[in-house]
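Numbering (numbering that gives the first Met the number 0), first residue to last: 0 to 104.
Quick reminder that beta carbons are idealized off the backbone N, C-alpha and C, glycines included.
These figures come from a predicted structure and were not determined experimentally.
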Amino acid sequence: MIVVEILVSFFLIIGAFFALAGSIGLFRLQDFFTRLHGPTKATTLGVGSMAIASAIYFSFLKEGLSLHEVLITLFLFITAPVSAHFLAKAARHQRLHEDKDHPET
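Written as structure tokens, this is what we have:
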């Protein structure tokens with residue numbers, strides 16, 4: 000059981016690091032398009048790692064494969080990039096990149 004606990008701890012630490020990095024990126028980056036990278040890239044990996052840790056833990060606790068967390072992770076990895084793509088396309092359609100208030104865009 001110590002190997003499972005180490006593996007779960009590893010995925011939780013990695014997940015927490017990526018979630019924190021994505022949140023900081025969302026807060027610190029300047030414009031809309033660069034802010035899309037925080038939640039779609041790093042936070043997706045963070046939540047995915049935490050869900051994998053949960054799947055490992057509950058699979059060994061119940062002595063059966065836990066498919067709920069695997070389905071959540073799969074759904075997250077599919078929907079986050081698609082929603083970010085739609086947000087970027089909507090922003091480009093609204094000509095957000097031509098904002099005169101932000102010279103860096």
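Going by DSSP, M49 is part of the alpha helix (DSSP H) stretching over T42 to K61.
When DSSP states are grouped into helix, strand and coil, L70 belongs to the helix group. For a cut-off of 8 Å, the C-beta gap from T42 to F17 is around 7 Å, short enough to register as a contact. Boundaries for G37: no alpha helix (DSSP H) harbours it, and the DSSP string shows neither H nor E there.
For A52 and L11, the gap between their C-alpha atoms comes out near 6 Å.
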